[in-house]
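Peer 1:
There are 2 protein chains.
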Amino acid sequence: MAQNKVLLKDIANSLGVSTTLVSIVLNGKAKQYRIGEEIAQKVIDAAMTMNYSPNLIARNLRGGKTQLIGLIVTDISNPFYSAIARIVENRANELGYTVVFSSSDEELKNTKKLIEILLSKGVDGLIIVPCDGSEEIIRELHENNTPTVLIDRNFPNSDISFSCLNNYRATELATQHLIEEGFENIALIGYKTRMNHILDRIKGYEDSMKKAGFEKYIHVKKVNILNPQAEVHSALDTLIKKKNADAVIFLTNMLTVAGLYSLNEMNIKIPNDIAVVGFNRNDLFNLFYSPITFIKQPLEIIATQAVNTLIEKIKNSELEIKSMVFSEPQLIIGASSKKV
Amino acid sequence: MAQNKVLLKDIANSLGVSTTLVSIVLNGKAKQYRIGEEIAQKVIDAAMTMNYSPNLIARNLRGGKTQLIGLIVTDISNPFYSAIARIVENRANELGYTVVFSSSDEELKNTKKLIEILLSKGVDGLIIVPCDGSEEIIRELHENNTPTVLIDRNFPNSDISFSCLNNYRATELATQHLIEEGFENIALIGYKTRMNHILDRIKGYEDSMKKAGFEKYIHVKKVNILNPQAEVHSALDTLIKKKNADAVIFLTNMLTVAGLYSLNEMNIKIPNDIAVVGFNRNDLFNLFYSPITFIKQPLEIIATQAVNTLIEKIKNSELEIKSMVFSEPQLIIGASSKKV
DNA sequence: TAAATATGCTAAAACGTTTTAGTTAGATTT
DNA sequence: AAATCTAACTAAAACGTTTTAGCATATTTA
C-alpha cells in the first residue's frame with residue numbers, strides 16, 4: 039500500500055520536537071507529562087492537518103491494544119447469528135472497536151483454532167458462542183486473563199461472563215401457552231448436546247408439563263446439531279404416528295425451519311394435524327400458510343450487553359468483572375398454535 | 039494476557055544459535071540461506087516440542103502485512119450478505135487470512151468511514167459491496183494501490199476488479215421463462231439507484247420484453263433501497279390494479295420478501311392473480327404456499343473468486359492484476375411462475 | 001600459491017509505536 | 001550560596017519479528 043502514511047516522526051520533525059512528545063500529546067497524556075499547552079495544541083493541529091492515524095500494529099506490538107474484538111459464532115450465515123453479528127458490530131463501532139468474525143461450525147477443534155488465530159491477530163477480547171465441549175479451553179482463556187464473554191449460551195457454575203436468554207422461561211412460556219390452548223400431548227425437538235441453553239429449554243418444558251399433570255406426554259427428541267434435517271424428519275414421523283403428539287416445540291430457529299420442511303413434505307397440516315411453536319423470528323414464519331407462533335429473544339439487548347461487558351473487561355483488566363445476564367423471552371403468537 | 043509465549047529467542051537460546059537462523063529455518067528459507075541440514079532439523083524439532091507459534095503482530099510490523107482482509111457489505115444481517123460472508127470467511131481462512139467485517143447500510147458516508155477504519159486496522163486488502171456514489175472513493179483506494187475487489191456489484195468502464203453475477207443474463211432468463219409460460223404483462227420491481235447491477239437487470243428484462251414484442255407491457259418500478267416495504271406495497275398495488283400485470287420479477291432477495299409480504303397482505307394469490315419470480319434463494323421460497331421461482335446466483339463461485347483475486351493482488355502488489363468476472367445465473371423453477 | 005568463490009552462520013537494523021529514565025534550565029527552599 | 005524542586009522536554013529501550021550486510025572458514029579456480 040503506497041499509503042504514504044504519516045508517522046509520529048513526521049509530525050515531530052515538522053514541529054522540531056521529539057516523537058515522544060507527539061505520542062504523549064496524541065494519547066491525551068499531555069497534562070500528566072507536563073507538556074506545555076501551546077506546543078500540545080500545535081501537535082494536535084499538525085496531526086489533524088497532516089491527517090495522522092496511528093499504526094495500530096506498532097501500537098499493539100508495544101503492548102497496547104488493537105481495538106479489535108473477535109466474534110466466534112457457530113455459523114455467520116445462520117440468520118440468527120448474523121443478526122447478532124450486526125448488533126455486535128454496531129455497538130462495537132459505537133465504542134471505537136472493530137469486529138473480526140469467524141464460524142466454528144459447532145466443532146471444538148475449530149473453536150480452539152479460531153481462538154488461537156484471533157489472539158494471534160491481537161484481538162483485545164472475544165465474544166464466543168461456545169460449542170459443546172469448549173468449556174475447558176474457554177476457562178483457560180479466562181484464566182489467562184483474556185477478556186471473554188459468552189453469548190447465546192452459558193456454562194453453569196462458571197466464572198465466565200455471559201449474556202443470554204432466560205432459556206428456562208422461554209419454553210415455560212411456550213409450553214404453558216400450548217396447554218392453555220388445550221393441547222396435551224406436547225412434544226419437543228432439541229439437540230443432542232450437553233450445552234446448558236438446550237438443557238434449560240428442555241427443563242422449562244418438562245417442568246411445565248409436570249406442573250400440568252402431563253408427565254406421560256413428555257416426549258423429548260434430540261437430533262444431531264450438524265445437519266439436523268434427516269433426524270428431524272424421522273423424529274416428527276415418530277412423534278406424530280407413534281406418540282400421537284398434538285403439538286411440537288422446536289428449540290432453535292434451524293430446527294423450526296427443518297421441522298416445517300419435513301411437515302410440508304409429509305403433508306401434515308399446521309395446526310390441524312399438529313400445532314407448532316418455533317424459536318427466533320424468521321421471515322418465513324409470517325408468510326407460512328399458518329403464521330408460526332415463536333419465542334422471541336431480545337437480541338438487541340443480549341448482543342449489546344455482551345459487547346458492553348467485554349469492553350468493560352478490556353478497559354479494566356485489573357478488575358474481576360463478572361457479568362451474568364439472562365434476558366427475558368417473549369412469545370409471539372401466530373396461528374400455528376391455535377386449537378382448531 | 040499471561041500467555042507465556044515461546045519466542046524465537048527462546049528456541050535460539052535453547053540451541054545456542056541466533057534468532058536469525060531460527061527465523062530463516064522456520065520460514066522455510068533454510069536452503070536459500072544455506073543453513074546446514076542438521077541444525078535446520080534441530081530448529082524445526084525444537085519449535086515443535088516447544089510449541090512455538092509466531093507473533094503475527096511483530097511479523098506484520100516488520101513486513102507491513104496483517105493477513106487481515108476487510109469485508110464491507112451493506113448489511114451483515116441480510117441473509118444474502120451473510121451467506122457471502124461465510125464463503126469469504128472460509129476461503130480466506132484456507133489461504134491463511136482472517137476477515138474483519140462491517141456494514142455500510144448503503145450509505146456513502148459509512149462506506150467512507152469504514153474504509154478508513156479498516157485501513158487503520160492494517161487490513162491487507164478490501165472486498166467491498168459498493169453503494170451508490172462510492173465509485174470515486176473506491177477509485178482513490180485503487181489508485182493508492184490498496185488491493186480492492188468489488189463483489190456483487192461492479193462499476194462499468196473502471197479498472198477495479200470485481201466478481202459478480204451476469205445480471206443481464208439473470209433477468210433475461212427470468213423474463214424469457216415467464217414469456218414461455220405464457221405471461222405477457224410482466225412487470226419489474228427494482229431499486230432507485232445508479233448502480234450497475236440493478237441497471238443491468240433492468241436492461242435484461244427490457245430487452246427480453248422488446249424481443250418478444252411486449253414493449254407496451256414494460257413496467258419498471260423503482261423503490262427506495264432503504265426500507266423498501268412501503269414503496270413495494272404501493273408499486274404492487276399500482277401494477278396489479280392499474281397496469282393489469284400478470285407477472286412480476288423482483289430484483290433482489292429483500293424486494294422479493296417485501297413483495298411476498300405485500301401480496302399476502304393484499305390477499306393476492308400466486309400464481310393465480312399474479313406470477314412471481316424472485317432473486318436469490320431463501321428458506322421462505324420453498325415453504326411458501328406456492329414455491330417461488332427464483333434466480334439463483336452461484337454464490338460459492340462469486341465469493342471464492344473475489345477472495346482469490348484479492349489475495350493474488352495482495353501477494354503481487356507490483357503486478358497490475360485486473361480480474362472482471364461475471365458468473366452465470368440459474369433459474370430455479372417453482373410453482374409461482376406457472377400459468378394456471 | 002594467491003585470488004576468488006562457496007558455505008554456514010550472526011550482529012544489527014528495521015518496522016512505528018509507547019514508556020522509562022533521564023536531562024536541562026529555571027524557580028524555590030534551606 | 002548550595003541544595004532541592006519543578007516544568008518541559010528528549011534519548012533510548014522495548015515489543016518480536018525479518019532482512020541486510022557481513023564475517024569466518026573451507027574450497028575451488030587461475
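Protein chains in written order, with our numbering: chain A, 39 to 378; chain B, 39 to 378. Backbone N, C-alpha and C define an ideal beta-carbon position, used for all residues, glycine too.
In chain order, what residues of the same chain lie with their CB nearer than 6 Å to the CB of B:A283, ignoring the 5 residues before and after it?
Peer 2: Taken in chain order, the residues that qualify are N223, A225, L277.
Peer 1: Between A:N310, A:P266, A:K281, which lies nearest to A:G297 when the distance is taken from Cα to Cα?
Peer 2: Looking at the Cα atoms, A:P266 is the closest of the given residues.
Peer 1: I'd like the list of long-range same chain contacts for A:A40, defined as Cβ closer than 6 Å, with 5 residues on each side in sequence excluded.
Peer 2: Bear in mind that the predicted position of A:A40 carries a pLDDT of just 40, short of 50, making it unreliable; the figure below should be weighed with that in mind. Nothing listed; no residue qualifies.
Peer 1: Under 8 Å by Cβ, that's how I've got B:S201 and B:T347 pegged, so tell me the actual separation to the nearest angstrom.
Peer 2: So it is a contact: roughly 7 Å between Cβ atoms.
Peer 1: Answer yes or no: does any C-beta atom of chain A fall closer than 7 Å to that of B:P329?
Peer 2: By this cut-off, B:P329 is not an interface position.
Peer 1: Within 10 angstroms of the Cβ of A:V378, are there 16 or more other Cβ atoms? Answer buried if so, exposed if not.
Peer 2: Exposed.
Peer 1: Check whether the Cβ atoms of B:N338 and B:I125 lie closer than 7 Å to each other.
Peer 2: Correcting the residue type first, residue 338 of chain B is Glu in the shown sequence and not Asn. Contact flag set, yes.
Peer 1: Roughly how many whole angstroms lie between the Cα atoms of A:L94 and B:T104?
Peer 2: Between A:L94 and B:T104, the C-alpha separation is close to 11 Å.
Peer 1: Between the stretch 127-141 of chain B and chain A, which residues of the former have CB atoms less than 7 Å from a CB of the latter, in chain order?
Peer 2: Those residues of the stretch 127-141 of chain B that come within reach of chain A (Cβ to Cβ, closer than 7 Å) are E127, T136, V137, V138, F139, S140, S141.
Peer 1: Between which two residues does the beta strand (DSSP E) holding B:Q368 run?
Peer 2: It spans 368-370 - the beta strand (DSSP E) in which B:Q368 sits, taken as one unbroken run.
Peer 1: Within 10 angstroms of its Cβ, does A:E144 collect 16 or more other Cβ (buried), or is it exposed?
Peer 2: Burial call: buried.
Peer 1: When the Cβ atoms of the stretch 229-236 of chain A are set against those of the stretch 245-262 of chain A, are three or more pairs found closer than 8 Å?
Peer 2: With a cut-off of 8 Å, the stretch 245-262 of chain A and the stretch 229-236 of chain A count as touching, because enough Cβ pairs lie within range.
Peer 1: Can you tell me where the beta strand (DSSP E) with B:S201 in it begins and where it stops?
Peer 2: Residues 200-203.
Peer 1: For the alpha helix (DSSP H) containing A:F118, list its first residue and its last residue.
Peer 2: From DSSP, the alpha helix (DSSP H) with A:F118 extends over 117-132.
Peer 1: At which residues does the beta strand (DSSP E) containing B:A225 begin and terminate?
Peer 2: 224-229 is the span of the beta strand (DSSP E), which, as asked, contains B:A225.
Peer 1: Residue ranges of each beta strand (DSSP E) run of no fewer than 3 residues wholly in the stretch 46-116 of chain B, ordered along the chain?
Peer 2: Taking only runs of at least 3 residues, the beta strand (DSSP E) segments lying wholly in the stretch 46-116 of chain B are 106-111.
Peer 1: Starting from the N-terminal side, write out each stretch of the beta strand (DSSP E) that is 3 residues or longer and does not extend beyond the stretch 334-366 of chain B.
Peer 2: Entirely contained in the stretch 334-366 of chain B, the beta strand (DSSP E) runs reaching 3 residues are, in chain order, 362-365.
Peer 1: Rounded to the nearest angstrom, how far is the Cβ of B:S328 from that of B:A285, given a contact under 8 Å?
Peer 2: Actually they do not touch by this definition, with Cβ atoms about 13 Å apart.
Peer 1: Kindly list the residues whose CB is nearer than 6 Å to the CB of B:L179, restricted to its own chain and excluding five residues on each side of it in sequence; keep chain order.
Peer 2: Cβ neighbours of B:L179 beyond the five flanking positions: T186.
Peer 1: Can you tell me which residues form a DSSP beta bridge with B:G316?
Peer 2: Answer is B:F332, bridged to B:G316.
Peer 1: Using three-state DSSP, classify A:K280 as helix, strand or coil.
Peer 2: Reduced to three states, the DSSP call for A:K280 is coil.
Peer 1: Report yes or no: do three or more beta-carbon pairs, one from the stretch 146-155 of chain B and one from the stretch 122-137 of chain B, lie closer than 8 Å?
Peer 2: No, the stretch 146-155 of chain B is not in contact with the stretch 122-137 of chain B.
Peer 1: Counting contacts by CB-CB distance shorter than 7 Å, is B:V314 in contact with chain A?
Peer 2: So no, B:V314 is outside the interface.
Peer 1: Measuring only between beta-carbons, confirm whether B:D48 sits less than 7 Å from chain A.
Peer 2: Chain A contact via Cβ: absent.
Peer 1: Per DSSP, what kind of secondary structure is A:I256 in: helix, strand or coil?
Peer 2: Correct three-state label for A:I256: coil.
Peer 1: Per DSSP, what kind of secondary structure is A:T294 in: helix, strand or coil?
Peer 2: In the structure shown, A:T294 sits in a helix (DSSP, three-state: H, G or I).
Peer 1: Closest Cβ-Cβ distance between B:K159 and chain A: below 7 Å?
Peer 2: At least one chain A Cβ lies under 7 Å of B:K159.
Peer 1: Does the beta-carbon distance from B:V314 to B:I306 come in below 7 Å?
Peer 2: No, the pair does not count as a contact, with Cβ atoms beyond the cut-off.
Peer 1: For A:P194 versus A:N148, is the C-beta distance shorter than 7 Å?
Peer 2: Against a cut-off of 7 Å, the Cβ pair of A:N148 and A:P194 comes out as no contact.
Peer 1: Any contact between the stretch 167-177 of chain A and the stretch 203-221 of chain A? By contact I mean 3 or more CB pairs, one from each, below 8 Å.
Peer 2: They do not touch, by the three-pair rule.
Peer 1: Count Cβ pairs between the stretch 109-117 of chain B and the stretch 96-112 of chain A that sit closer than 8 Å; are there 3 or more?
Peer 2: These segments do not touch.
Peer 1: Does any C-beta atom of chain B lie closer than 7 Å to the C-beta of A:L226?
Peer 2: Chain B, which has no Cβ nearer than 7 Å to the Cβ of A:L226, makes this no.
Peer 1: Out of A:L203, A:S375, A:S199, A:I107, state which residue places its alpha-carbon closest to the alpha-carbon of A:V161.
Peer 2: That would be A:I107, whose Cα lies nearest to the Cα of A:V161.
Peer 1: Hey, is B:I352's beta-carbon within less than 7 Å of any beta-carbon in chain A?
Peer 2: With 7 Å as the cut-off, B:I352 does not count as an interface residue toward chain A.
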